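Visitor: Under the numbering used here, residues 70 to 161 are what the sequence shown spells out, in order.
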Amino acid sequence: MQDHYEKLGVPPSAPPETIKLAYRKKAAFYHPDKNSAEDSALRFREVQDAYEVLTDPERKKSYDEYRQRSLIDDPVAVAQNMAAKYIQGILN
70 MQDHYEKLGV PPSAPPETIK LAYRKKAAFY HPDKNSAEDS ALRFREVQDA
120 YEVLTDPERK KSYDEYRQRS LIDDPVAVAQ NMAAKYIQGI LN
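1) Measure the alpha-carbon distance for Ser131 versus Pro80 and round it to whole angstroms.
2) If you check the beta carbons only, do Lys103 and Ala110 fall under 8 Å apart?
3) Rounded to whole angstroms, what is the Cα-Cα separation between Gln117 and Glu134?
4) Which residue spans inside the stretch 78 to 125 form an unbroken alpha helix (DSSP H) run of at least 4?
5) What distance in whole Å lies between the Cβ atoms of Tyr99 and Arg112, which are believed to be in contact at a cut-off of 8 Å?
6) In its own chain, which residues sit with a C-beta less than 7 Å from the C-beta of Tyr92, not counting the 5 before and 5 after it?
Put into structure tokens, the structure is as follows:
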């Protein structure tokens, strides 16, 4: 499962302007009126959700804290997720 940063294709250190630009690109690509893929509406909503969280300072702070705890609390799942993404990148 992708986190909000991955959904927008930005690093956690990305400034608000970069997050906004990434959101606009992803939203335009996944917009259901422009993308006929079966999952475009779902992807569009995921991108919107990610943008809403990452551009609200309080929600971003809470999300970042949760994300950090997840990395610490379940390192095996994090490593498995990273390996799966690496393999997926090779196969594509």
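Heads up, the beta-carbon is just placed ideally off N, CA and C, and yes, glycines get one too. Remember, predicted model here, so these are calculated numbers, not experimental data.
Guide: Considering the structure as presented:
1) On the sequence shown, residue 131 is found 62 positions in, with the first residue counted as 1. On the sequence shown, residue 80 is found 11 positions in, with the first residue counted as 1. Cα-Cα distance, rounded: 17 Å.
2) As a first step, residue 103 is located in the sequence shown; it is residue number 34 there, counting from the start. As a first step, residue 110 is located in the sequence shown; it is residue number 41 there, counting from the start. No, the pair does not count as a contact, with Cβ atoms beyond the cut-off.
3) Your numbering for residue 117 matches position 48 in the sequence shown. Your numbering for residue 134 matches position 65 in the sequence shown. Computed Cα separation, rounded: 20 Å.
4) 85 to 99, 109 to 123
5) In the sequence shown, residue 112 corresponds to position 43, counting from 1. In the sequence shown, residue 99 corresponds to position 30, counting from 1. The pair is a contact, with the Cβ atoms about 4 Å apart (cut-off 8 Å).
6) If you number the sequence shown from 1, residue 92 lands on position 23. Answer for Tyr92: Leu77, Val116, Tyr120, listed in chain order.
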